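For the sequence shown, UniProt numbering gives the first residue as 1, with consecutive numbering after it. By construction, the Cβ of each residue, glycine as well, lies at the ideal position given by its N, Cα and C atoms. In this text the structure is predicted, and so the values were computed from the model without any measurement. Since the structure comes first, as structure tokens, the remarks are kept for the end.
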Amino acid sequence: MASSASLGNVRTEGLAGLYRPEEALERLLQNTDLRFNFTGKRTVTIINSSLLNANAQATLSPIEVSDQKSKDAPAVQGYVPKRSASGTKTNTSILETPQAISVVGREQVVDQQSQSIVEALRYTSGVSTNVNPNDNRFESLRIRGFEPVLYLDGLQLPYGSQLYGRPKVDPFMLDRIEVLKGPSSSLYGQIAPGGLINMVSLMPTTTPIRMVEFQANNFGRLQAGFDVGGPADPKGDLLYRITGVIHGGGTQIDHVDDFRGAISPSFTWRPDMDTTLTVLGSYQRDDSGVAIQFLPSVGTLYPNPNGQLPVSKFVGEPGFNQFTRTQYWVGYQFEHHASDVWTVRQNLRYASIDTMVKAVIGAGLQSDNQTLNRSAFIVPEKADAFTVDNQAEARFNTGALSHIALFGLDYRHVTSDFSQYYSPMVSPINLYNTVYGAAIADPPLVAHNGQVQDQLGIYVQDQIALDRWRLTLSGRHDWVSTDTTNYLANTRQSQNDSAFSGRAGLNYVFDSGVSPYIAYARSFQPTIGTLASTSEPLKPTTGEQYEAGVKYQPVGTNILLTAAVFDITQQNIVTTYPVPIGQQQTAEGRSRGVELEASASLSNGLKFAAAYTYTDTKNMSAGNAAQLGKHFITVPLNQAAVWADYTFQEGQAAGFGFGGGIRYIGESFGDAANTILIPDYTLFDATVHYDLSNLDPRLRGTKVAVNVNNIFDKAYVSTCASLNQCYYGTGRVVTGSLRYTW
Numbered sequence: 001m002a003s004s005a006s007l008g009n010v011r012t013e014g015l016a017g018l019y020r021p022e023e024a025l026e027r028l029l030q031n032t033d034l035r036f037n038f039t040g041k042r043t044v045t046i047i048n049s050s051l052l053n054a055n056a057q058a059t060l061s062p063i064e065v066s067d068q069k070s071k072d073a074p075a076v077q078g079y080v081p082k083r084s085a086s087g088t089k090t091n092t093s094i095l096e097t098p099q100a101i102s103v104v105g106r107e108q109v110v111d112q113q114s115q116s117i118v119e120a121l122r123y124t125s126g127v128s129t130n131v132n133p134n135d136n137r138f139e140s141l142r143i144r145g146f147e148p149v150l151y152l153d154g155l156q157l158p159y160g161s162q163l164y165g166r167p168k169v170d171p172f173m174l175d176r177i178e179v180l181k182g183p184s185s186s187l188y189g190q191i192a193p194g195g196l197i198n199m200v201s202l203m204p205t206t207t208p209i210r211m212v213e214f215q216a217n218n219f220g221r222l223q224a225g226f227d228v229g230g231p232a233d234p235k236g237d238l239l240y241r242i243t244g245v246i247h248g249g250g251t252q253i254d255h256v257d258d259f260r261g262a263i264s265p266s267f268t269w270r271p272d273m274d275t276t277l278t279v280l281g282s283y284q285r286d287d288s289g290v291a292i293q294f295l296p297s298v299g300t301l302y303p304n305p306n307g308q309l310p311v312s313k314f315v316g317e318p319g320f321n322q323f324t325r326t327q328y329w330v331g332y333q334f335e336h337h338a339s340d341v342w343t344v345r346q347n348l349r350y351a352s353i354d355t356m357v358k359a360v361i362g363a364g365l366q367s368d369n370q371t372l373n374r375s376a377f378i379v380p381e382k383a384d385a386f387t388v389d390n391q392a393e394a395r396f397n398t399g400a401l402s403h404i405a406l407f408g409l410d411y412r413h414v415t416s417d418f419s420q421y422y423s424p425m426v427s428p429i430n431l432y433n434t435v436y437g438a439a440i441a442d443p444p445l446v447a448h449n450g451q452v453q454d455q456l457g458i459y460v461q462d463q464i465a466l467d468r469w470r471l472t473l474s475g476r477h478d479w480v481s482t483d484t485t486n487y488l489a490n491t492r493q494s495q496n497d498s499a500f501s502g503r504a505g506l507n508y509v510f511d512s513g514v515s516p517y518i519a520y521a522r523s524f525q526p527t528i529g530t531l532a533s534t535s536e537p538l539k540p541t542t543g544e545q546y547e548a549g550v551k552y553q554p555v556g557t558n559i560l561l562t563a564a565v566f567d568i569t570q571q572n573i574v575t576t577y578p579v580p581i582g583q584q585q586t587a588e589g590r591s592r593g594v595e596l597e598a599s600a601s602l603s604n605g606l607k608f609a610a611a612y613t614y615t616d617t618k619n620m621s622a623g624n625a626a627q628l629g630k631h632f633i634t635v636p637l638n639q640a641a642v643w644a645d646y647t648f649q650e651g652q653a654a655g656f657g658f659g660g661g662i663r664y665i666g667e668s669f670g671d672a673a674n675t676i677l678i679p680d681y682t683l684f685d686a687t688v689h690y691d692l693s694n695l696d697p698r699l700r701g702t703k704v705a706v707n708v709n710n711i712f713d714k715a716y717v718s719t720c721a722s723l724n725q726c727y728y729g730t731g732r733v734v735t736g737s738l739r740y741t742w
């Protein structure tokens, strides 16, 4: 294709397997001075960057590249993210995306035995996982001080109009978890300015997969899971994958058990090399107690003359407290390469979530510091969503500029129904001589609202490359209509909103692997829900962010280092309070911060992930003067975490590995007026694991591991919502696992 002299006799390490063209070239050309640029669907230009300084370039003749449509090529290599479809919807290199993005891959989730999205993101910068780490109802998280919504495979999952109708996906079912930090409304529309979490499902692969796993922990929780897939026909045009998990047993809270069963089948059809259709489905059933306990601050956060309350304290009624959730969805991902320039995609999903919460909870400590008042509520909530995202992507050149242009139109229809039955006072209990068994009558109905929301958005994006410069421009316009029905008052209100949101970002990608960037973005989030005081629909939130950062991926290594600074403001911030369940909106808030992150997976068996976060939040204006200038609740000023794992590669200890982590969570506040200070705390985690094939070749594919979170069983308050609502963090959890792959 080109003379060996012009290429400097460059040799690569070769490649085996099926990969997407970008991933294949990225792997082939690592540790060389060669850079590539697609000039068509099957043509690519390769340039020797070492000759650029001499005003010369070595360019291969156009190479035809075949896209096998394989999902086998990982977006994450070990702990290190390489590419992300979430940031631009165009499968762009992390280095070329002008936005802070963190990705937690399946390997890290398995190494740390993460049991939830919250646990999987504990070593990720910019993410606060301290809100309610034991909450089995939903994922309690903050990104850059703001509550994110959950996406799955690029489409938002349904959310109810209030607190409980929310999704919770088991990480066992996922390939990776992508965290987009900062506004992403220019592509996704309905996003808070802090960012979003996009979970990526396990997809069918051309490589056969056979795996089973068993787990048990010190609370009597047992889990079994399986993951099978591969070609369904000799030619590999039909692929399948089925993943399932079931668990049940105790939790750290007395009288609270936890059961889950989930299954996710998916099938891919590739009728030709230009077309792919993947159909995905999922069903999950949760049936458990209510793990979140509303404990008084006296006896948890502050001393109580009667003693400290144990982290296992249950203040409800064993025969009454219950939480159930049924969630399911079905959809497809379609992609067709129409020409060397154009590619069209359509992603579609129907999803449903149905929850029921029954709970007796703490409602304030009496003057004797022993007797706890209690209230009771029942909240059934249901949400259904139909979502479709249509995309057309064009790759072309205009003179010296290369473009990846994206045009999109998406539509989302959401219906939700929320009821609340509430009794402010039921039988109290003595916290230090607790006797359960009080008869709890079903509370009266106090609220019943329904909402229907339709959102239509059009967007366009252009990723422009000139030499080492990368300019990303995107814009979107949304139209949203919301109809709210108050069934008790027999009233109906309609609200129509529209807004434009945009983004501009600029990268400069050095050959050394350094990529500094600057970016500006705006957010727009039409919000499902009603004001507690008036039952009026919530106003959309809007925001803007300025961000600058640098990413560094040393050439020839599997290491990624990132740093970012940001400044976000948001209007119409939504705050949800749990009892009685309701929402309010404040005028404006600001979040400024610094994020540092490092990830590596080295050939010598060492893997590590490290993160530091500084987040300074403040209410810039508020209806309550006591909240003006105060920090957001639950958001620590400082957070830091380091995790490392090492596996011996040779010798007598080959196959044996060990690791550990340290997590520091700084001080935060437990009320909007900042009168409740939550102290900082430090937690330690550890793991040991062994590949049994090094003991006996007949045990090939068998791996055992033991993980310990919070090694020293530190009791700590993770957060409070008021003096009467404090929450303990997770105590020591010891998990043993056995995994067999064949």
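Going by C-alpha distance, which of the options is nearest residue i?
| i | options | result |
| --- | --- | --- |
| Val-104 | Gly-165, Asp-713, Lys-607 | Lys-607 |
| His-631 | Ala-641, Ser-668, Gly-736 | Ser-668 |
| Gly-261 | Ser-86, Val-245, Asp-272, Gln-252 | Val-245 |
| Asp-135 | Ile-662, Val-357, Ala-504 | Val-357 |
| Tyr-411 | Val-426, Gln-346, Gly-657 | Gln-346 |
| Ser-137 | Leu-692, Pro-526, Thr-472, Glu-381 | It should be pointed out that residue 137 corresponds to Arg in this sequence rather than to Ser. Out of Leu-692, Pro-526, Thr-472, Glu-381, Glu-381 has the C-alpha closest to the C-alpha of Arg-137. |
| Ile-633 | Arg-83, Arg-144, Val-80, Gly-195 | Arg-144 |
| Val-550 | Ser-481, Thr-88, Glu-96 | Glu-96 |
| Ser-591 | Glu-119, Pro-193, Phe-219 | Pro-193 |
| Thr-562 | Pro-81, Gln-308, Val-76, Leu-34 | Pro-81 |
| Ala-394 | Asp-340, Ser-515, Gly-281, Val-131 | Asp-340 |
| Ile-573 | Phe-146, Pro-296, Ile-458 | Phe-146 |
| Tyr-164 | Phe-418, Gln-108, Gly-289 | Phe-418 |
| Ala-519 | Gly-505, Ala-600, Pro-526, Ser-512 | Gly-505 |
So, with DSSP's three-state summary, where would you put residue i?
| i | result |
| --- | --- |
| Pro-171 | helix |
| Ile-573 | strand |
| Ser-297 | coil |
| Val-110 | helix |
| Ala-192 | coil |
| Ala-563 | strand |
| Ile-401 | Reading the sequence as shown, one finds Leu at residue 401 and not Ile. Looking at Leu-401 - three-state DSSP - the assignment turns out to be strand. |
| residue 743 | Outside the displayed range of the chain (1 to 742) lies residue 743, so it cannot be described from this structure. |
| Ser-185 | helix |
| Val-149 | coil |
| Pro-62 | With a pLDDT of 46 at Pro-62, under the threshold of 50, the modelled position of this residue cannot be trusted; read the value that follows with caution. The answer is coil: DSSP assigns Pro-62 none of H, G, I, E or B. |
| Gln-68 | In this predicted model, Gln-68 has a pLDDT of only 42, less than 50, meaning its place in the structure is not dependable; the value taken from the coordinates is given anyway. Note: Gln-68 maps to coil in three-state DSSP. |
| Glu-595 | strand |
| Tyr-19 | Confidence is the limiting factor: at Tyr-19 the pLDDT is only 43, short of 50, which leaves the residue's position unreliable, though a coordinate-based value still follows. It is coil, neither helix nor strand. |
| Ala-394 | strand |
| Leu-34 | strand |
| Glu-96 | helix |
Beta-carbon within less than 7 Å of residue i's beta-carbon, same chain only, minus the 5 sequence neighbours each way: which residues are those?
| i | result |
| --- | --- |
| Ala-338 | Val-344 |
| Leu-52 | Note that Leu-52 scores a pLDDT of 44, beneath 50, so its modelled location is shaky and nothing firm can be said. |
| Phe-712 | Phe-684 |
| Thr-90 | Glu-393, Ile-404, Leu-406, Gln-463 |
Leaving aside the five residues before and after residue i along the sequence, list all residues of the same chain whose C-beta is less than 6 Å from its C-beta, in chain order.
| i | result |
| --- | --- |
| Ala-640 | Tyr-612, Tyr-664 |
| Leu-738 | Phe-214, Val-704 |
| residue 830 | In the structure as shown, the chain starts at 1 and stops at 742, and residue 830 therefore has no counterpart that could be examined. |
| Trp-479 | Leu-456, Ser-498 |
| Gly-729 | Pro-133, Tyr-716, Ser-718 |
| Gln-284 | Ala-262, Gln-327 |
| Leu-445 | Tyr-421 |
| Thr-682 | Tyr-664 |
Tell me, to the nearest whole angstrom, how far the beta carbon of residue i is from that of residue j; I am working on the premise that it is less than 8 Å.
| i | j | result |
| --- | --- | --- |
| Tyr-740 | Thr-702 | 5 Å |
| Asp-287 | Ile-378 | Rounded, the Cβ-Cβ distance is 16 Å, inconsistent with contact. |
| Gly-408 | Ser-186 | Rounded, the Cβ-Cβ distance is 10 Å, inconsistent with contact. |
| Pro-171 | Ser-114 | 5 Å |
| Gln-190 | Asn-558 | Not a contact, Cβ separation roughly 35 Å. |
| Ser-297 | Leu-723 | 5 Å |
With a threshold of 7 Å (Cβ to nearest heavy atom), would residue i be considered close to the ligand GTP?
| i | result |
| --- | --- |
| Pro-231 | Within the structure as shown, the ligand GTP is missing, as the structure has no ligands at all. |
Give, in chain order, every unbroken run of the beta strand (DSSP E) that is at least 3 residues long and sits entirely within the segment 625-711. 638-647, 656-665, 681-691, 702-709
As an exercise, report each continuous alpha helix (DSSP H) stretch of at least 4 residues that is fully enclosed by the segment 510-557, in chain order. none
Kindly provide the ranges of any alpha helix (DSSP H) runs that are 4 or more residues long and lie completely inside the segment 270-340, ordered along the chain. none
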